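Here the sequence shown stands for residues 75 to 698, numbered as in my numbering.
Written below as structure tokens is the structure these notes are about.
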Amino acid sequence: MKKLKSFLQKKSSTLLILLVISINLFFGLPRIANFSAIDEHLWTYDRIPQFWNAIEQQKWKQTNINDKPGVTDAIISGIGLLFVDPLEYKSIRQEPKSEEQLAMMKKINTAMRLPIYLFTLAMAPIFFIFLKKLFNETIAAIAVAIIYLSPIILGISLFINPDSLLWIFSSLSIICFLLLQKTGKSSYAHASGAFLGLALLTKYVSTLLYAYFLLLIFLNYVLSKSEHDPAKYFKKAFSDYLRMFLISFATIFVLYPATWISLKVFLKRTLLSRPFEPIWEFFLAFLVLFFVDAFLLNGRIFKTILDPFKKYKKHIILFFFSSFLLAGAVVLLNTYGIIKTYDFELLLASPKGGDQDTFRIMRSAGGVFTGIFVLFFEMSPIIFLSLIFAVASSFKNDLFEKKSTLSIFFLLSFIMLYYLGSAINHIESTIRYQISVLPIAAVIAAIGIYRLANIKRLKSFFEQRMFLLYAMLAAALTVSLISIKPFYFSYASSFLPKDYVLNVKDMGDGSFEAARYLNSLPDAKNLTVWADKVAVCELFVGTCHVNLRPNVVNDEIDYFVVSRGRTEKSLSFSSERLSAERASHFREMYSSECECEYEIEIDERPGNFIRIIKNKMIENVDEK
């Protein structure tokens, strides 16, 4: 018994990682083929085959498949092209199809999704290795468990989308840059640059990290306990930053053939990308100033600016933590109806902004709060409480002096910078849009759990029974997966009132189940369906429409499939394109009083539905 206990204690972290991967596989693998995702067809049937056909034919310009640009998706998911040919089935996605064709389309989904999913799992040990170097083995193991047992992370890993990989590369780039600051080893600048390059090849929003890493350099100078020689510090900081910068560019250039023949493509994916274009001139000017000050003026400019803040370092950190906790309190009070300033669901329903001035004002003011709202409730209760504890416990003098407190500050700075940038650009941080934030929050929560386990009354117990802490954590996180199975990306904490829907802009949850029900109906092949999600059409054997044209939405439709995630879009289109009477009946299908033949309430939330409605319910619609 003692030998077993000793073995479990020594190998507890390794065993936890293996357990976490096993649990992830248990829940994830069965879902690979049995899911239909929004916009995924654009990658499966168009962009990824185009990328590899262009490589084969050496038509480098045609590897520019998307503005995201999604190159990493094409590279990794493209492995599936060795086993299937999606182009043969592209034309029948919305057409009647045989059972054999439907089975083949499921095989295509499996072949194209599986490489991304397995790659995600393969990166778990990489996260552990770098986090162990940044903190310690315990925090690293806990963080990996939180990340890989997150329903949201699992959900997004199961389909093809740039965000499926973005969170991996951006998080590892941040972790490596923090390791650079901790150790001073330039090798971590190289690693950070390589991961940043991969992140940029995945989605252009990663350009935010260029600004964030600059911010870290100056924050570290002010807040670090070590006294830095300005001349040495800024010379090395600039040199390391330049290494990171150039390696990120080199990574993009090597793996993105379109950049070999077009400087414009390269710039559009880096300095002139959509989020970075407004500031690129200021950014380059600042780098020139940084160089001049570091190498010609021995850091005198930044020393003069930053040194006065050093005596207030504690106040700066505590003020920042207080502001975050206060903003969190506002979010919770708003959510539970104690105050009602912001309608978070309204903001999330149209994440890329509206045209009304009042709406824009509201969006700008509440953008940060909306981001925090999503963050708080996309985590399981235990992780949310651990994150809050990590921040709040830093106010204690003994914990404030820990290096982990400064790490919390740096990590939380990224989260808040991300929300601020989103708010300024009138883009709300939906679950998918802030997928890069979740692993960073997981690391902060891991520090919180570690601190909790080191409270005097618990420390002596868990020191000898670390495997027990890991087991309890894995069990608690698995409960979250069970509670939402199989709609992982639609997970919302039990702390969120049931009348709220967190994943307002869903990625297709319920579409597979709706198609399966329709396929079970008599003579399904001869049925005609209208759906507000093309994801339903892809796995339906009959005729399926997604257009809202009067000549489409008519009495020849046998069934309508409607969902919460497309409510605002569908109702807007129906009011514009259909007669008043027909639009009125159309709205009824989305109302809470609607009578349905089949309905799924995802996560037992009445507002998060997908419904199948027989056309007889609107058969009296005027045929105008």
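We put the CB at the ideal spot given by N, CA and C, even for glycine.
As the structure is a computational prediction, the values presented were derived from the model and not from experiment.
- When C-alpha distances from aspartate 472 are compared across Thr409, Arg525 and Asn499, the shortest belongs to Arg525.
- Taking each of Thr415, Phe312 and Glu355 in turn and checking the Cα distance to leucine 370, the smallest one comes out for Phe312.
- The beta carbon of valine 603 sits closer than 8 Å to those of Leu592, Val610, Cys611, Phe614, Gly616, Thr617, Cys618, His619, Ile631, Asp632, Tyr633, Phe634 and Val635, all from its chain and outside the five residues before and after it, given in chain order.
- By the criterion of at least three beta-carbon pairs nearer than 8 Å, the region 244-259 is not in contact with the region 107-119.
- Taking C-alpha positions only, glutamine 131 is separated from phenylalanine 683 by approximately 46 Å.
- In the structure shown, the three-state DSSP call for histidine 619 is strand.
- Here arginine 506 has Asp237 as same chain residues with Cβ atoms under 6 Å from its own Cβ, once five neighbours each way along the sequence are excluded.
- As computed with DSSP, proline 143 is found in a beta bridge with Lys277.
- Under DSSP, glutamate 673 takes part in a beta bridge, and its partners are Arg685.
- Going by C-alpha positions, proline 513 is about 35 Å away from methionine 178.
- DSSP places valine 635 in the strand class (E or B) of the three-state scheme.
- Of the candidates Ile558, Met663 and Phe327, the residue whose Cα lies closest to the Cα of glutamate 678 is Ile558.
- The DSSP assignment places 585-594 as complete runs of the alpha helix (DSSP H) inside the region 558-607, in order along the chain (cut-off: 4 residues).
- Serine 396 counts as exposed, since fewer than 16 other C-beta atoms from the protein chains shown sit within 10 angstroms of its C-beta.
- Glycine 258 counts as exposed, since fewer than 16 other beta carbons sit within 10 angstroms of its beta carbon.
- Asparagine 471: member of the alpha helix (DSSP H) spanning 471-474, first to last residue.
- Secondary structure of glutamate 169 (DSSP, three-state): coil.
- A distance below 7 Å between beta-carbons, with the five flanking residues on each side excluded, links isoleucine 182 to the following residues of its chain, in chain order: Thr118, Val158, Pro160 and Tyr163.
- By the beta-carbon neighbour count (other beta carbons within 10 angstroms, threshold 16), glutamate 452 is buried.
- When DSSP assignments are scanned along the region 212-271, the uninterrupted stretches of alpha helix (DSSP H) that are 4 or more residues long and fall wholly within it turn out to be 225-230 and 237-257.
- Residue Pro331 holds the alpha-carbon nearest to the alpha-carbon of tryptophan 134 among Lys579, Ile521 and Pro331.
- Judged by DSSP secondary structure, proline 513 falls within the alpha helix (DSSP H) whose first and last residues are 511-527.
- Here phenylalanine 483 has Ile391 as same chain residues with Cβ atoms under 6 Å from its own Cβ, once five neighbours each way along the sequence are excluded.
- With respect to the 8 Å criterion, glycine 522 and serine 460 are classified as neighbours on the basis of their beta carbons.
- By the CB criterion at 8 Å, leucine 399 and alanine 497 fall outside the cutoff.
- By a beta-carbon distance limit of 8 Å, aspartate 314 contacts alanine 263. Their separation comes to about 4 Å.
- The region 287-302 makes contact with the region 379-389; the number of CB pairs closer than 8 Å reaches 3 or more.
- Inter-residue distance for tyrosine 286 and alanine 368 is about 19 Å (C-alpha atoms, whole angstroms).
- The C-beta of leucine 486 has 16 or more other C-beta atoms within 10 Å across all chains shown, which makes the residue buried.
- Per DSSP, histidine 500 lies in no alpha helix (DSSP H) segment and is marked neither H nor E.
- Within 10 angstroms of the beta-carbon of lysine 477 lie fewer than 16 other beta-carbons, which makes it exposed.
- Non-local C-beta neighbours of proline 199 in its own chain, meaning closer than 8 Å and more than five positions away in sequence, comprise Ile91, ordered along the chain.
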